[in-house]
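As you go down the protein sequences, you meet chains Z and P in turn.
Quick note on my numbering: the first sequence kicks off at 1 and runs consecutively.
Quick note on my numbering: the second sequence kicks off at 155 and runs consecutively.
Beneath this line is the structure, given in C-alpha cells, with notes to follow.
Number of protein chains: 2
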Amino acid sequence: MPKIDLDAFAQLNSTGYPPPFDEPVAGRWQRRVGARLGLTALGASHVVLKSGAWSSQRHWHAGEDEFLVMLSGEAVLVENAGETLLRAGDCAAWPMGLRNGHHLVNRSEEDCAFLCFSAGDREAGGAYSDIDMIFTTEGYKHKDGTPYPTRRLR
Amino acid sequence: MPKIDLDAFAQLNSTGYPPPFDEPVAGRWQRRVGARLGLTALGASHVVLKSGAWSSQRHWHAGEDEFLVMLSGEAVLVENAGETLLRAGDCAAWPMGLRNGHHLVNRSEEDCAFLCFSAGDREAGGAYSDIDMIFTTEGYKHKDGTPYPTRRLR
C-alpha cells in the first residue's frame, strides 16, 4: 500500500446535522480515507473547506482523541479560549473528555484542506458548545435528551 | 489548546533496538507529541530523519493501525512490494495485522520530516521483515523466542 492517491477517494458533503445546523457545513467536503483503506482503530479523514464553510459545529468528544494537520490554505480555529489562525503545517490536538469545543472556520476566499485523525470510543458521544445539541449512540439530541429527527451518519 | 508549538517539544533519538539494529535509526529525531498533549488512544509523533537515517527497522504491527503524513523533504518508503518516493503532502497507511513491512529511508542530502499516527493495541506487538527480530510486551526477541538483552522503549 504505497502512497495514497487522495484523488481516487470520493468527496462527500453529507451530514446528519438537523437544520439549521447543517448549513455551515454544506461546503465541507470529506474523504473517509482511513475506513476505505481498512483502518479500524485509527480514524483518518481528508477535509476540504470551501470559502465560508465550517469543519463542524463547535464540539468536543467524551471518548475520542483528535489531531488535526493543516495541509493547504488557512482557517480559523475557534475554541473556548478564543481564535487561532492555522496555516499549512500547523497542528492542533484535543484529548478525549476535554470540554474545549473546537472547530475550523474558513474565512478566506480560497479552499483550505486538512487531515483529521481520531482514536478511542466513538460511542461515548459528546456535545456541541454553541447550540442545544449533543451526540450519542442513538443520534443527535437536545441537551434535555429530546431526540432530533435526523440520523447521525457513520 | 491552540496551535501546537513543535519547537517546544524535546527531540529524542533514543531507541531500544539491540545493536547493530540501532545504527540506522541514530539519525531519527522524534517528538512524542500525542502523549505529551494528553492523548491516550491516539499516538502522534513528529519525526525528523537526518540524511541517511531510517524511520525504524522495516516492521508491521499485529494490533495497531498507522498513518504517515510527509511534511517536508523526501524519503523512500520501502515495503514488501517495492519502493515509493514520498514528498511533502504525501500520505501512506497500514492497517493492523497486514504483514507488509514498511519503513522510510532518507536517501537525500537534506533532513525530512513527517508525522506518524497510530491507534489500536500496542501490546499485540509485531515483527521485523528483514532481520531476526519481533517485538512483544516483554521486549525484543529473536523469531525463535529468545530475548534480546535490550529493553523496548515506551
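Every residue, glycine too, gets a C-beta built ideally from N, C-alpha and C.
Since we're looking at a predicted model, the values are computed, not measured.
Distance from the CA of SER262(P) to the CA of GLU228(P), rounded to the nearest whole angstrom, comes to 7 Å. Contact between ILE134(Z) and GLY125(Z) holds: their C-beta atoms lie close to 7 Å from each other, under 8 Å.
Around the beta-carbon of SER209(P), 16 or more other beta-carbon atoms lie within 10 Å, marking it buried.
When C-beta distances to chain Z are compared with 7 Å, every residue of the segment 277 to 302 of chain P stays at or above that value. Rounded to the nearest whole angstrom, the C-alpha separation of LYS204(P) and LEU49(Z) is 34 Å. Within chain P, the C-beta atoms nearer than 9 Å to that of LEU86(Z) come from PRO156 and LYS157, in chain order. Between the segment 180 to 200 of chain P and the segment 111 to 120 of chain Z, the count of C-beta pairs closer than 8 Å reaches three or more; the two stretches touch.
Sixteen is the threshold: when 16 or more other Cβ atoms of the shown chains lie within 10 Å of the Cβ of PRO95(Z), as they do, the residue is buried.
At least 8 Å separates the CB of ASP7(Z) from every CB of chain P. Between the alpha carbons of SER129(Z) and VAL223(P) lies a gap of roughly 30 Å.
Secondary structure of ASP65(Z) (DSSP, three-state): strand.
Against CYS245(P), the close residues of chain Z are LYS3, ILE4, LEU6, VAL33, ALA44, HIS46 and LEU115, in the order they occur along the chain (beta-carbon pairs closer than 9 Å). If the five residues before and after PHE163(P) are omitted, its C-beta is found closer than 8 Å to the C-beta atoms of ARG185, ARG186, VAL187, ARG190 and HIS200, all from its own chain and listed in chain order. If you check the CB distance, LEU240(P) and GLY89(Z) do not come in under 8 Å. The alpha-carbon separation between ALA53(Z) and ILE131(Z) amounts to approximately 17 Å. GLU218(P) and PRO2(Z) do not touch by the CB rule: their CB atoms are close to 19 Å apart, not below 8 Å.
Shown here, GLY89(Z) sits in coil according to DSSP, grouped into three states, outside any helix or strand.
Interface with chain P (8 Å Cβ-Cβ cutoff): LEU104(Z) is excluded. For GLY279(P), there is no enclosing beta strand (DSSP E), since its DSSP letter is neither H nor E. Distance from the CA of ALA247(P) to the CA of PRO19(Z), rounded to the nearest whole angstrom, comes to 35 Å. Check the Cα spacing between VAL230(P) and each of ARG212(P), SER168(P) and ALA216(P): the tightest is with ARG212(P). The beta carbon of LEU191(P) sits closer than 8 Å to some beta carbon of chain Z.
For GLN165(P), the CB contacts under 8 Å within the same chain, skipping 5 residues up- and downstream, are TRP183, GLN184, ARG185 and VAL202 in chain order. Listed in chain order, the non-local C-beta contacts of LEU98(Z) below 8 Å within the same chain comprise TRP60, local neighbours out to five positions each way being set aside.
In this structure, DSSP gives GLU228(P) an extended state, which the three-state scheme calls strand. At least one C-beta of chain P is nearer than 8 Å to the C-beta of GLU79(Z). The closest CA to that of GLU83(Z), considering only LEU104(Z), CYS91(Z) and GLU66(Z), is found on LEU104(Z).
DSSP places LEU252(P) outside both helix and strand once states are collapsed to three, so it counts as coil. According to the DSSP assignment, ALA113(Z) belongs to the beta strand (DSSP E) that extends over 112 to 120.
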